[in-house]
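Protein sequence lines, in the order shown, are assigned to chains A and B.
Take any residue in the first sequence, note its place counting from 1, add 12, and you have its number in my numbering.
Take any residue in the second sequence, note its place counting from 1, add 1, and you have its number in my numbering.
A virtual CB, placed ideally from N, CA and C, is assigned to each residue, including glycine.
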Amino acid sequence: MLNIKPIFSSLLRSKSGPVLLLVQIVLSVAIVANASFIIHERLGMMQRDSGINEEEVLTFSVFNFDPSIDIDQQNKIDQQILRALPNVQAATSTNMLPLSGSGWSSTLNMGPDPETAKSTPQYAMYLGTEHTIKTLGLKLIEGRNFYADEINKSVNDPGKLMIISKALAETVWPDESAIGKLLYIDDEQLEVIGVVEKFQGAWVDSDDLEYSVIHNVDFAGYTYMVRAAASQHEALQDAIVKALMKENPNRVIDDFQSVAEVKKRSYRDHELMITVLSMMVVLLLLITSLGLTGMVMFNIQRRTKQIGTRRALGATKGDILSLFLVENYLICISGGVLGACLAVLLGQQLMKYYDLPQLNLFYPVVTVVGMMLVTTIAVVLPARKAANISPAMATRSV
Amino acid sequence: MLTMKNINKVFKTDLVETHALRDFNLEVKEGEFVAVTGPSGSGKTTFLNIAGLLEGFTNGEYHLDDVNISNLSDNKAAAIRNEKIGFIFQGFNLIPDLNLAENVEVPLRYRGFNAKERQRRVKAALEQVGLGARMKHLPSQLSGGQQQRVAIARALAGEPRFLLADEPTGNLDSLMARQVMELLEEINKAGTTIIMVTHDPELARRAQRNIQIVDGQVCDFTLYQGGQSHLVDTAEKVAS
Chain A
13 MLNIKPIFSS
23 LLRSKSGPVL
33 LLVQIVLSVA
43 IVANASFIIH
53 ERLGMMQRDS
63 GINEEEVLTF
73 SVFNFDPSID
83 IDQQNKIDQQ
93 ILRALPNVQA
103 ATSTNMLPLS
113 GSGWSSTLNM
123 GPDPETAKST
133 PQYAMYLGTE
143 HTIKTLGLKL
153 IEGRNFYADE
163 INKSVNDPGK
173 LMIISKALAE
183 TVWPDESAIG
193 KLLYIDDEQL
203 EVIGVVEKFQ
213 GAWVDSDDLE
223 YSVIHNVDFA
233 GYTYMVRAAA
243 SQHEALQDAI
253 VKALMKENPN
263 RVIDDFQSVA
273 EVKKRSYRDH
283 ELMITVLSMM
293 VVLLLLITSL
303 GLTGMVMFNI
313 QRRTKQIGTR
323 RALGATKGDI
333 LSLFLVENYL
343 ICISGGVLGA
353 CLAVLLGQQL
363 MKYYDLPQLN
373 LFYPVVTVVG
383 MMLVTTIAVV
393 LPARKAANIS
403 PAMATRSV
Chain B
2 MLTMKNINKV
12 FKTDLVETHA
22 LRDFNLEVKE
32 GEFVAVTGPS
42 GSGKTTFLNI
52 AGLLEGFTNG
62 EYHLDDVNIS
72 NLSDNKAAAI
82 RNEKIGFIFQ
92 GFNLIPDLNL
102 AENVEVPLRY
112 RGFNAKERQR
122 RVKAALEQVG
132 LGARMKHLPS
142 QLSGGQQQRV
152 AIARALAGEP
162 RFLLADEPTG
172 NLDSLMARQV
182 MELLEEINKA
192 GTTIIMVTHD
202 PELARRAQRN
212 IQIVDGQVCD
222 FTLYQGGQSH
232 LVDTAEKVAS
């Protein structure tokens with residue numbers, strides 16, 4: 013028997029304790045709902061598929077100090093050495109590391125006339141070779157890879173070809189295949205010869221993260237990517253240093269890290285925010301449950317004789333348990349509804365000032381359900397103690 | 002209606018055993034008005050608690066309305082308290098946050114009556130004690146005597162077979178005590194069996210039968226018939 017009406021009337025007549033608890037629940041629901049939404053949104057960002065075999069791609073930098081060195085020639089030799097190493101599946105040099113937070117980006121015109129043509133979205137501009145797709149573990153879903161003889165030495169060379177990410181292809185040519193399509197830098201044209209399923213750029217917070225292009229240019233830079241089983245990376249680092257230093261000792265080889273580690277570093281702020289918000293959610297729920305438990309314990313102490321009287325008048329232990337549960341569920345549901353409204357308002361402000369997406373109503377609803385669960389856990393134990401109060405308490409002088 | 006045979010109640014701590022009731026024997030017939038007297042600590046409240054199923058007993062036999070009370074489950078005992086027994090407490094024991102109607106309604110809700118039936122009984126009970134017009138008042142807005150009348154209405158609303166009253170006038174002045182006593186007599190005349198624990202010999206004398214408890218045992222019966230009292234030996238009374 014729930015007896016909601018007299019419990020509600022009773023709560024209205026002794027307001028101070030319930031109102032304080034109500035305020036606590038309203039604030040908790042509003043904050044927890046928004047914090048959970050942000051946590052989920054950040055986790056979603058971190059779990060996005062980059063299209064890259066992040067664990068298997070080992071990256072490093074080579075810093076040359078020999079002024080007489082031919083950088084292009086040395087780069088070519090180094091790539092060959094790397095590919096010849098045991099357990100290496102593929103290797104290439106690159107102008108930028110994916111997900112690293114720094115790199116090259118550009119836009120292209122969608123027509124030959126720069127005055128009238130629309131621009132593509134900003135994309136990450138990778139310069140790569142026929143080895144790039146295999147090295148990164150990208151999945152070619154349409155068209156073909158570069159041939160070895162198509163690789164240019166400079167971005168200014170003629171015969172410009174591109175392999176682009178599906179996201180960019182679908183944005184620029186929504187209803188047709190991108191293969192064979194042309195994009196332009198002024199009056200120079202670039203042809204799309206392949207589409208990869210996914211390939212993220214360097215800037216994890218950018219809206220344009222999914223837009224990437226690999227140009228057929230062997231960039232003789234100082235950054236290399238090698239693909240090998242993650243378990244081989246440690247041994248491979250030594251082998252790389254040994255092999256490259258043997259070829260030319262006047263240099264420093266450093267910054268070994270997998271793309272997974274690069275990614276983790278880029279998402280460090282998000283990870284920190286998730287940790288802080290998670291702790292805040294846990295603390296708020298803990299404080300709310302302590303508040304509820306404290307309130308129930310105080311009420312039991314204050315109403316010992318009343319509970320004994322109710323038992324004497326025919327209340328079962330279950331009736332006493334449900335009295336406290338219903339009493340606190342009423343506070344929790346009222347606080348939950350108000351808190352959910354406040355959560356939406358708070359979400360709107362966060363959206364306005366911090367460029368967050370609109371709060372999904374699923375979060376306030378789940379938070380209220382969670383708060384009901386916290387209420388149950390916080391109330392049941394002390395309420396069971398109350399249910400065990402003897403009906404004989406009604407005749408005692410307490 | 003109520004039969005107790007050789008009831009013992011022993012409270013045990015690590016160091017001492019206290020015999021609150023010793024071989025306690027009593028029979029109360031339907032429609033009787035019994036006053037229970039005795040010095041403090043004699044076992045009056047323990048008797049009342051056991052009679053009202055508020056606490057158990059160590060050994061002995063107790064039948065209430067032909068129901069063997071020994072080894073009743075907690076829920077069954079609660080149901081019997083709710084249906085058969087009305088309680089009137091010395092301190093009224095009204096719930097301060099509930100108005101008079103809600104207070105009287107408490108045992109009726111535990112009985113599972115529907116709202117219409119509850120309203121009918123609440124109204125009738127409060128009118129019977131002369132407080133029908135103050136149903137929405139809070140207990141704190143009433144005098145002690147009025148509060149005790151609400152407690153009586155609460156006890157009567159469930160139409161119990163008997164009333165257990167623990168010092169019902171203990172917290173009232175003499176005028177209000179007399180009014181409450183008159184109300185109890187009226188209820189008894191209507192057929193409800195009443196057992197009343199009291200310290201007041203004047204009030205006890207107005208009951209049909211007076212039981213004195215000393216050291217956890219029924220010491221004597223006093224029958225009041227036509228204003229004359231007769232002391233009856235306990236053993237003789239039980240045998241009869």
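- prompt: At what residues does the beta strand (DSSP E) containing A:R239 begin and finish?
  reply: Here residue 239 of chain A corresponds to residue number 227 of the first sequence, with the count starting at 1. Where A:R239 is concerned, the enclosing beta strand (DSSP E) starts and stops at 235–239.
query: Do you know how far the Cα of B:R207 is from the Cα of B:T4?
result: On the second sequence, position 3 is the one that residue 4 of chain B refers to. On the second sequence, position 206 is the one that residue 207 of chain B refers to. Rounded to the nearest whole angstrom, the CA to CA distance from B:T4 to B:R207 is 23 Å.
message: Let me confirm a value: B:N211 is counted as buried when at least 16 other C-beta atoms fall within 10 Å, else exposed. Which label applies?
response: Looking up residue 211 of chain B in the second sequence gives position 210. So B:N211 counts as buried.
- request: Please list, in chain order, all residues of the same chain as A:T141 whose beta carbon is under 6 Å from its beta carbon, the five residues on each side excluded.
  value: By 1-based counting over the first sequence, the position of residue 141 of chain A is 129. Contacts found: T104, I163, D230.
task: Give the secondary structure of B:M2 by DSSP, where H, G and I count as helix, E and B as strand, and everything else as coil.
output: To locate residue 2 of chain B, count along the second sequence from 1; it is residue 1. Per DSSP, reduced to three states, the secondary structure at B:M2 is coil, with no helix or strand assignment.
query: With which residues is B:L27 paired in a DSSP beta bridge?
result: Numbered from 1 along the second sequence, position 26 holds the residue referred to as residue 27 of chain B. Under DSSP, B:L27 shares a beta bridge with B:M5.
- prompt: Listed from N- to C-terminal order along the chain, which residues in the region 18–51 of chain B have their beta-carbon within a distance smaller than 7 Å of any beta-carbon of chain A?
  reply: Under the 7 Å Cβ criterion, the region 18–51 of chain B contributes T46, L49, N50.
query: How long is the line joining the alpha carbons of A:R314 and B:P97, rounded to whole angstroms?
result: Within the first sequence, the letter at position 302 stands for residue 314 of chain A. Within the second sequence, the letter at position 96 stands for residue 97 of chain B. Each residue's CA atom was taken as its position, placing A:R314 and B:P97 some 12 Å apart.
field: Separation of B:D75 from A:M57, as counted between CA atoms
entry: The residue given as residue 57 of chain A occupies position 45 in the first sequence. The residue given as residue 75 of chain B occupies position 74 in the second sequence. Going by the C-alpha atoms only, they are around 56 Å apart.
- request: Could you give the DSSP three-state label for A:F77: helix, strand or coil?
  value: Numbered from 1 along the first sequence, position 65 holds the residue referred to as residue 77 of chain A. A:F77 falls in the coil class under three-state DSSP.
message: Using 8 Å as the cut-off, can you tell me whether the region 164–176 of chain B makes contact with the region 76–88 of chain B, which would need three or more C-beta pairs spanning the two stretches below that distance?
response: Touching, per the Cβ criterion.
- prompt: According to DSSP, is B:G87 helix, strand or coil?
  reply: Here residue 87 of chain B is taken as the residue at index 86 of the second sequence, counted from 1. Three-state result, B:G87: strand.
query: So, helix, strand or coil for B:N104, using DSSP?
result: One-based indexing of the second sequence puts residue 104 of chain B at position 103. Reduced to three states, the DSSP call for B:N104 is helix.
query: Whole-angstrom Cβ separation of A:P376 and A:V69, contact assumed at under 8 Å?
result: By one-based count along the first sequence, residue 376 of chain A stands at place 364. By one-based count along the first sequence, residue 69 of chain A stands at place 57. No, A:P376 and A:V69 are not in contact; Cβ-Cβ is about 41 Å, not under 8 Å.
query: Alpha carbon to alpha carbon, what distance is there between A:I64 and A:V19?
result: In the first sequence, the residue the question calls residue 19 of chain A occupies position 7. In the first sequence, the residue the question calls residue 64 of chain A occupies position 52. Residue identity check: residue 19 of chain A is Ile in the sequence provided, not Val. Spanning the two alpha carbons is a distance of roughly 60 Å.
- prompt: Touch check for the region 176–195 of chain A and the region 126–133 of chain A: three-plus C-beta pairs under 8 Å?
  reply: The region 176–195 of chain A and the region 126–133 of chain A touch, with no fewer than 3 CB-CB distances between them shorter than 8 Å.
- prompt: Helix, strand or coil: which one does DSSP assign to A:Y366?
  reply: The residue you call residue 366 of chain A lines up with position 354 of the first sequence. DSSP places A:Y366 in helix when its eight states are reduced to three.
task: Inspect the beta-carbon positions of A:G326 and B:A80 and report whether they are closer than 8 Å.
output: Counting from one through the first sequence, the residue named residue 326 of chain A turns up at place 314. Counting from one through the second sequence, the residue named residue 80 of chain B turns up at place 79. Going by C-beta atoms, A:G326 is nearer than 8 Å to B:A80.
message: Which residue marks the beginning of the alpha helix (DSSP H) containing A:E273, and which one marks its end?
response: Position 261 of the first sequence, counted from the first residue, corresponds to residue 273 of chain A. According to the DSSP assignment, A:E273 belongs to the alpha helix (DSSP H) that extends over 271–278.
query: Closest by CA to A:S118, which one among A:R156, A:G306, A:H227?
result: By one-based count along the first sequence, residue 118 of chain A stands at place 106. Restricting attention to A:R156, A:G306, A:H227, the CA atom closest to the CA of A:S118 is found in A:H227.
query: Between which two residues does the alpha helix (DSSP H) containing A:L23 stretch?
result: Walking along the first sequence from the start, residue 23 of chain A turns up at place 11. It spans 16–25 - the alpha helix (DSSP H) in which A:L23 sits, taken as one unbroken run.
message: For B:N76, would you say it is in contact with chain A, using Cβ-to-Cβ distances shorter than 8 Å as the test?
response: As a working mapping, residue 76 of chain B is identified with position 75 in the second sequence. Among the residues facing chain A, B:N76 is included, as its CB has a counterpart in that chain under 8 Å away.
field: Cβ-Cβ distance between A:I37 and A:I286 below 8 Å
entry: Taking the first residue of the first sequence as position 1, residue 37 of chain A is located at position 25. Taking the first residue of the first sequence as position 1, residue 286 of chain A is located at position 274. No.
query: Closest by CA to B:S175, which one among B:E203, B:I153, B:V151, B:L132?
result: By 1-based counting over the second sequence, the position of residue 175 of chain B is 174. Looking at the Cα atoms, B:E203 is the closest of the given residues.
- request: Report yes or no: do three or more beta-carbon pairs, one from the region 89–97 of chain A and one from the region 250–257 of chain A, lie closer than 8 Å?
  value: Verdict: yes, contact present.
- request: Determine the closest residue to A:S62 out of A:I93, A:E188, A:K258, A:V271, with distance taken between C-alpha atoms.
  value: Taking the first sequence and counting its residues from 1, the one referred to as residue 62 of chain A is at position 50. Nearest Cα to A:S62 within the set A:I93, A:E188, A:K258, A:V271: A:V271.
- request: Buried or exposed for A:R396, please, with buried defined as at least 16 other CB atoms from any protein chain shown within 10 angstroms of its CB.
  value: For the purposes of this step, residue 396 of chain A is taken as the residue at position 384 of the first sequence. Burial call: exposed.
query: So which of A:S334, A:I81, A:L358, A:L32 has the shortest CA-CA distance to A:L393?
result: Against the first sequence, residue 393 of chain A aligns to sequence position 381. Looking at the Cα atoms, A:S334 is the closest of the given residues.
Residues, ordered as in the chain, of the region 321–339 of chain A that lie near chain B by beta-carbon distance below 9 Å: For the region 321–339 of chain A, which is checked against every Cβ of chain B, the residues closer than 9 Å are T321, R322, R323, A324, L325, G326, A327, T328, K329, G330, D331.
- prompt: Could you give the residue range of the beta strand (DSSP E) that holds B:R162?
  reply: Locating residue 162 of chain B in the second sequence gives position 161, counting from the first residue. Counting along the chain, B:R162 sits inside no beta strand (DSSP E), nor does DSSP assign it H or E at all.
query: By a C-beta neighbour count over all protein chains shown, 10 Å radius and 16 as the cutoff for buried, is A:V31 buried or exposed?
result: Within the first sequence, numbered from 1, the residue matching residue 31 of chain A stands at position 19. It counts as exposed.
message: So for A:K165, helix, strand or coil by DSSP?
response: Residue 165 of chain A sits at position 153 when you count from the first residue of the first sequence. In this structure, A:K165 counts as coil in the three-state DSSP scheme.
message: Looking only at its chain, what residues have a beta carbon closer than 6 Å to the beta carbon of A:L195, apart from the 5 residues adjacent to it on each side?
response: Position 183 of the first sequence, counting from 1, holds the residue named residue 195 of chain A. Excluding residues within five positions, the ones whose Cβ falls inside 6 Å are L120, L202.
- request: Could you name the residues that DSSP lists as bridge partners for A:V228?
  value: Residue 228 of chain A sits at position 216 when you count from the first residue of the first sequence. Note that residue 228 of chain A is Asn in the sequence shown here, rather than Val. For A:N228, which the question treats as bridged, DSSP gives no partner whatsoever.
message: For B:Y111 and B:N83, which I take to be in contact (beta-carbon distance under 8 Å), what is that distance rounded to the nearest angstrom?
response: The residue you call residue 111 of chain B lines up with position 110 of the second sequence. The residue you call residue 83 of chain B lines up with position 82 of the second sequence. Indeed, because the Cβ distance is near 5 Å, the residues count as touching under 8 Å.
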